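Asker: The numbering of the sequence shown is our numbering, which starts it at 3 and goes up by one.
Quick one: the structure is below, questions incoming.
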Amino acid sequence: MNHPTSVVRRLSQALTLVGLLVGTSAWAQLPTAEERLKILTDPESVKAKVEKDKTRPPLELFRSQIAPFDILPFVKANHWSTLSLEMRANYDDYVGMLHTSPVRMLGMPREGELAADAPQEVIYRREVRLLKEQRAKLGLQIMMPRIPKELGLELTRPEAIRADEIWQASLRVLEPFQMLILILSKDETDLYSRWGQFQAMAPLSADREDAQVFDKQRYYRMVLPMESGTFPLSSHPLTWTTLSHIIWDGLPAERLTPAQQQAMLDWLHWGGQLILIGGARPSFAALGDSFLGPYLPASLSGESDLLNESDLKPLSDAFRPIIPYAVREEPVPVPEVDTEAQRRQHAYLDPEPIRPASNRPVYLAGLRPNPGASTLRLGESSERILGVEQRVGRGRILMLALNPTDPALVAWPGLDTLVRRVILRRPEDNVFGWGGWNGRSVEPAKFGPLLGPDLSWFRILSRDLGASLPRPYVKPAADPVDEVTGLNTNPVASPGAEAAAENAANSANSVAEWVDSSALPKMSRDALEDASGISIPSSGFVLKVILAYVLALVPLNWLICRYVFGRREWAWVVVPVLSLGFAIGVERAAAYDMGYDMACDEIDVLETYGDYPRAHLSRFASLYTTGRIRFTISFPNDPTALALPLDNGRSLRGEDITTSNWQSQPVPALEGFQVQPRSLSLFRAEQMVNLPGAITLVTDAEGRRIVNATDLELKDATVVEVNGPNDRKQTYLGTIKPGATIPLVATPVPRIPAIAKGQLNPNPFLQAFQTYAENRLEDQGEIRLVAWTSKVMAGEKFEPAVDRHRGFTAVVVHLENGPPPAPSGPRYDYLARQTAQATSEPVTVPDPDEPMLENGASSISGSRPRLLRGSPPAPVSPAPSRGEVKATPKSNVR
Numbered sequence: 003m004n005h006p007t008s009v010v011r012r013l014s015q016a017l018t019l020v021g022l023l024v025g026t027s028a029w030a031q032l033p034t035a036e037e038r039l040k041i042l043t044d045p046e047s048v049k050a051k052v053e054k055d056k057t058r059p060p061l062e063l064f065r066s067q068i069a070p071f072d073i074l075p076f077v078k079a080n081h082w083s084t085l086s087l088e089m090r091a092n093y094d095d096y097v098g099m100l101h102t103s104p105v106r107m108l109g110m111p112r113e114g115e116l117a118a119d120a121p122q123e124v125i126y127r128r129e130v131r132l133l134k135e136q137r138a139k140l141g142l143q144i145m146m147p148r149i150p151k152e153l154g155l156e157l158t159r160p161e162a163i164r165a166d167e168i169w170q171a172s173l174r175v176l177e178p179f180q181m182l183i184l185i186l187s188k189d190e191t192d193l194y195s196r197w198g199q200f201q202a203m204a205p206l207s208a209d210r211e212d213a214q215v216f217d218k219q220r221y222y223r224m225v226l227p228m229e230s231g232t233f234p235l236s237s238h239p240l241t242w243t244t245l246s247h248i249i250w251d252g253l254p255a256e257r258l259t260p261a262q263q264q265a266m267l268d269w270l271h272w273g274g275q276l277i278l279i280g281g282a283r284p285s286f287a288a289l290g291d292s293f294l295g296p297y298l299p300a301s302l303s304g305e306s307d308l309l310n311e312s313d314l315k316p317l318s319d320a321f322r323p324i325i326p327y328a329v330r331e332e333p334v335p336v337p338e339v340d341t342e343a344q345r346r347q348h349a350y351l352d353p354e355p356i357r358p359a360s361n362r363p364v365y366l367a368g369l370r371p372n373p374g375a376s377t378l379r380l381g382e383s384s385e386r387i388l389g390v391e392q393r394v395g396r397g398r399i400l401m402l403a404l405n406p407t408d409p410a411l412v413a414w415p416g417l418d419t420l421v422r423r424v425i426l427r428r429p430e431d432n433v434f435g436w437g438g439w440n441g442r443s444v445e446p447a448k449f450g451p452l453l454g455p456d457l458s459w460f461r462i463l464s465r466d467l468g469a470s471l472p473r474p475y476v477k478p479a480a481d482p483v484d485e486v487t488g489l490n491t492n493p494v495a496s497p498g499a500e501a502a503a504e505n506a507a508n509s510a511n512s513v514a515e516w517v518d519s520s521a522l523p524k525m526s527r528d529a530l531e532d533a534s535g536i537s538i539p540s541s542g543f544v545l546k547v548i549l550a551y552v553l554a555l556v557p558l559n560w561l562i563c564r565y566v567f568g569r570r571e572w573a574w575v576v577v578p579v580l581s582l583g584f585a586i587g588v589e590r591a592a593a594y595d596m597g598y599d600m601a602c603d604e605i606d607v608l609e610t611y612g613d614y615p616r617a618h619l620s621r622f623a624s625l626y627t628t629g630r631i632r633f634t635i636s637f638p639n640d641p642t643a644l645a646l647p648l649d650n651g652r653s654l655r656g657e658d659i660t661t662s663n664w665q666s667q668p669v670p671a672l673e674g675f676q677v678q679p680r681s682l683s684l685f686r687a688e689q690m691v692n693l694p695g696a697i698t699l700v701t702d703a704e705g706r707r708i709v710n711a712t713d714l715e716l717k718d719a720t721v722v723e724v725n726g727p728n729d730r731k732q733t734y735l736g737t738i739k740p741g742a743t744i745p746l747v748a749t750p751v752p753r754i755p756a757i758a759k760g761q762l763n764p765n766p767f768l769q770a771f772q773t774y775a776e777n778r779l780e781d782q783g784e785i786r787l788v789a790w791t792s793k794v795m796a797g798e799k800f801e802p803a804v805d806r807h808r809g810f811t812a813v814v815v816h817l818e819n820g821p822p823p824a825p826s827g828p829r830y831d832y833l834a835r836q837t838a839q840a841t842s843e844p845v846t847v848p849d850p851d852e853p854m855l856e857n858g859a860s861s862i863s864g865s866r867p868r869l870l871r872g873s874p875p876a877p878v879s880p881a882p883s884r885g886e887v888k889a890t891p892k893s894n895v896r
């Protein structure tokens, strides 16, 4: 008889619980069918959940991430990064703003000084829209000149007095020269984790005994997704500048969103290196139908091989193991044979065989190279194809026929060398001295670290042209001194070596840095100021005004009041009137009537690659107004736009700091940009833009032709063929109309017309773009077109609107790039370099100051040559030129 009573009781409890749930703020709608079933079957657990929900905060922030990392929040100074925040609104939908704490900008360094803080700070923010009880991940683009340990984030509602939620995002410093290697694999990435300990990832001179020091000295950081199939890639292409390589191992292309795919293609064309892993996996066939299909250098031939130890001997002979750090640094007594001296001199051991298991040979996929692709052989004595690669814009795609995670290759000591030379295409370290026999023992070779531009092919012209950011140099501890003799016990150290080390530290800049001290921002700043007609009053004008004011205020004022009016006390009354009159007079004398209340001058640089219908656009602009106005510069319909204030290089200590806001969502905009009365305020912006077509170089039986499929009228078009900084050929073509095709034949160069005062002159920019070149193997063989148009690019909006907007656009098209440099060349292999020196063959290495072996021959043959005892090693040779620009009187470029 108790059964009906218990049923009625449970039903009553369930109905009561339903009423409670419907009435709570956590349940703003009726329970679903699944929830009603849960209530009827297990009301106690539902009631416990409701009680727990009452204790949750209105807003929950779970974690912050820096793309492309899962956990480690590494950020590089002067580079844009995407900061993501996972959050949830628990009770109601939420609409507000996510913004950072103010970030101080870095100004232009003065002559002989390091870069100092600019009187500008920026708050990065975006709009936030959260649906109740739905977890969301929101991205925000940030750029910081200095990396703090934590960055403050706040969530605020419109018109709110205080923040609804506060979060501290942890950050870690990525050194300026360090680059990232991203692993994209559909499986766990543990097999690639040991690559982080390879010698290819760090300098030969790195101190491996101190883990913290070694971590700061390493060249590359591996980015390994923590969970299979999760890839926190940014969809913003201008935040990929810290990535140098991507290892693609079997990932289905559809796992990337369309925005991520487009960002990867942009990254590739501007210098990214994509390595596609082959082997037994059928990944190449799937990629042929993906967004990467048009750029693949080869197709599957169907003729795969299974390789045993003898088949792999050419590979093991070509890539010798490197001498371990602990062994290489210890001097050894004179060896019985010269092979020990030879081995220690070039830092390599004898070849080690690759020993696959008898039941598991190494799988080599058959590849059929496409026209124009470069083929890498398994070794000098083998016809088998190790890989096929080709240039994609400035970057490259390598299809590797075997899988480096194969157990036989993982156990092979030479894999380290294969990864450095073939996969990363990283040069050998700089050489202090080749070492060898010194009369007492065999000394190892002395090596110096590479610089940032040696580690990545990625470049953005508007950032890297003549880039030079001075960096602080930490002076080393004093040299040890003998207590008895008082002499320096470290004969290697010397003032010359210290100066060379300081110079190397100051030159160790990154690639693609957003800094106002590089050449193009400086040139643009000077050109904009000259065209505006606004000039700072000279010191003579200021001195005359001060002298006149003092004379009028004291003696003249007293004399007039004393002898003209006969009332000396009136001089006190005249003082404020005289001061006001002088202020108005000085303002009128220094004022410049532009004929407009608000005006904008702009210099645009459009950089693109042949056969690619997208371009990188850089804007350098000045705003002028007769009143004090805060502008909003927005970029509707372009989510890739970025903009920040541009320092004018004339800030004073103690000057008031102005604050602007960079909003990345929903419409990219630089808000609150302050312009003072009758003065210039500068800003710069970048974006990736779509073109209606591409500008290409066509070569066929009829010769070479330039095809302009864009809507741009290219004036003063000049084609430059570059084979090095001192080897270039220029061909002037004149004007190329939109949609026109013209032969690549030289035409007479017209006389350069005079530029009227107050007009922007494109000629210095065209000359800089025509003459720059980097002394690197990957830059040889480039063909570029340089031209300009008489209008600025569309897509920019000012609020309030300006009365006049004028400027020009310089156009740089990289029509073709030379083939990838061979990994067997002397820049990538010490053995090839020494062989060329021993045979007196020319060595093509972009480092002319690197020391040669004595008498141009190897120090291991015949009698052992001796190094000069007590002489310090040669200083680190300077990095190859990063696009030197000839200075003009107006540009301040050095």
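The C-beta atom is built at its ideal place from N, Cα and C for all residues, glycine as well.
In this text the structure is predicted, and so the values were computed from the model without any measurement.
Whole angstroms is fine: what's the gap from S826's alpha carbon to N405's?
Answerer: The alpha-carbon atoms of S826 and N405 are separated by roughly 20 Å.
Asker: Are the beta-carbon atoms of D431 and G416 separated by less than 8 Å?
Answerer: Contact: no.
Asker: Ends of the beta strand (DSSP E) at R621?
Answerer: Unbroken beta strand (DSSP E) run through R621: 616 to 627.
Asker: Taking all protein chains shown into account, decide if P59 is buried (16 or more other Cβ within 10 angstroms of its Cβ) or exposed.
Answerer: Its Cβ having fewer than 16 others within 10 Å, P59 is exposed.
Asker: Does DSSP put R220 in a helix, a strand or coil?
Answerer: In the structure shown, R220 sits in coil (DSSP, three-state: anything other than H, G, I, E or B).
Asker: What do you get for A502, buried or exposed, if any count of 16 or more other CB atoms within 10 angstroms of its CB means buried?
Answerer: At A502 the pLDDT is 44, less than 50, meaning the model places this residue with poor confidence; the figure from the coordinates comes in the next sentence. That one is buried.
Asker: Note down, in chain order, each residue of its chain lying with its Cβ closer than 7 Å to the Cβ of F584, except the 5 sequence neighbours on either side.
Answerer: Once the five neighbours on either side are set aside, the close Cβ partners of F584 are Y551.
Asker: So the alpha helix (DSSP H) K134 belongs to, where does it begin and stop?
Answerer: Here K134 belongs to no alpha helix (DSSP H), and DSSP marks it neither H nor E.
Asker: At the level of alpha carbons, what is the spacing between L553 and L545?
Answerer: So the alpha carbons of these two residues sit roughly 12 Å apart.
Asker: At what residues does the alpha helix (DSSP H) containing L155 begin and finish?
Answerer: L155 -> not in any alpha helix (DSSP H); beta strand (DSSP E) instead, spanning 152 to 158.
Asker: Comparing the CB of L184 with every heavy atom of the ligand NAP, is any distance shorter than 7 Å?
Answerer: In terms of ligand content, the structure shown is empty, and the ligand NAP therefore cannot be addressed.
Asker: Buried or exposed: which applies to E152, given that a residue is buried once 16 or more other Cβ atoms fall within 10 Å of its Cβ?
Answerer: Answer is exposed; the Cβ neighbour count stays below 16.
Asker: Apply the 10 Å Cβ neighbour rule to V814 and answer buried if 16 or more other Cβ atoms are within range, or exposed otherwise.
Answerer: V814 comes out buried.
Asker: According to DSSP, is P766 part of a helix, a strand, or is it coil?
Answerer: P766: helix per DSSP, three-state reduction.
Asker: Measuring CB to CB, does T743 end up less than 8 Å from V709?
Answerer: Yes.
Asker: Enumerate in chain order the residues of its own chain whose CB-to-CB distance from G741 is below 7 Å, with the five nearest sequence positions on each side excluded.
Answerer: Correct list, in chain order: N710, A711.
Asker: Do the stretch 690 to 698 and the stretch 150 to 169 meet, that is, are 3 or more Cβ pairs less than 8 Å apart?
Answerer: Contact between the stretch 690 to 698 and the stretch 150 to 169 is absent, because fewer than three Cβ pairs lie under 8 Å.
Asker: In whole angstroms, what separates the C-alpha of G783 from that of R393?
Answerer: Their backbone Cα atoms lie some 12 Å apart in a straight line.
Asker: Let me confirm a value: I185 is counted as buried when at least 16 other C-beta atoms fall within 10 Å, else exposed. Which label applies?
Answerer: So I185 counts as buried.
Asker: With a cut-off of 8 Å on the beta carbons, I'd call I785 and L699 a contact; round off their distance for me.
Answerer: Going by Cβ atoms, the distance from I785 to L699 rounds to 6 Å, so yes, they are a contact pair.
Asker: Using beta-carbon positions only, say whether G252 and I279 come within less than 8 Å of one another.
Answerer: Yes, Cβ-Cβ distance for G252 and I279 is below 8 Å.
Asker: What is the rounded straight-line gap between the Cα of A645 and the Cα of R616?
Answerer: In a straight line, the C-alpha of A645 is about 19 Å away from that of R616.
Asker: Does DSSP put W269 in a helix, a strand or coil?
Answerer: DSSP places W269 in helix when its eight states are reduced to three.
Asker: Quick check: the Cα distance between P409 and I425, rounded to an integer number of angstroms?
Answerer: Approximately 18 Å, taken between the alpha carbons.
Asker: Whose CA, out of E515, T259, E571, L380, lies closest to the CA of E311?
Answerer: It is L380.
Asker: Taking 8 Å as the limit between beta carbons, can you name the residues of its chain near N92, skipping five residues before and five after?
Answerer: Closer than 8 Å at Cβ, skipping near neighbours: A28, D55, R58, P59, P60, L61, E62, K134, E135.
Asker: So which of P254, S236, M228 has the shortest CA-CA distance to K188?
Answerer: Checking every option, the nearest Cα to that of K188 belongs to P254.
Asker: Determine whether the beta carbon atoms of L898 and A413 lie at a separation below 8 Å.
Answerer: This structure does not reach residue 898, given that the chain is present from 3 up to 896, and the question cannot be answered.
Asker: Are T244 and K448 closer than 8 Å when you measure CB to CB?
Answerer: Going by C-beta atoms, T244 is not nearer than 8 Å to K448.
Asker: Measuring alpha carbon to alpha carbon, tell me which of Y832, P828, P821 ends up nearest P373.
Answerer: Ranking the options by Cα distance to P373, first place goes to P821.
Asker: Residues in its own chain within less than 7 Å of L471 by CB, not counting five upstream and five downstream?
Answerer: Residue placement at L471 is flagged as unreliable, the pLDDT there being 45, under the threshold of 50; a coordinate-derived value is accordingly withheld.
Asker: Please classify F904 as buried or exposed, where buried requires at least 16 other C-beta atoms within 10 Å of its C-beta.
Answerer: Absent from the model: residue 904. The displayed extent of the chain is 3 to 896, so no value can be given.
Asker: Alpha carbon to alpha carbon, what distance is there between R257 and L132?
Answerer: Distance between the alpha carbons of L132 and R257: 25 Å.
Asker: Taking the DSSP output, what are the residues bridged to C602?
Answerer: According to DSSP, C602 bridges with L625, H807.
Asker: Between A719, G454, L582, T634, which lies nearest to S246 when the distance is taken from Cα to Cα?
Answerer: Selected option, being the one with the closest Cα: G454.
Asker: Spatial neighbours of V225 within its chain, please: C-beta separation below 7 Å, excluding the five flanking residues on both sides.
Answerer: Correct list, in chain order: P70, F71, L182, I183, L184, I185.
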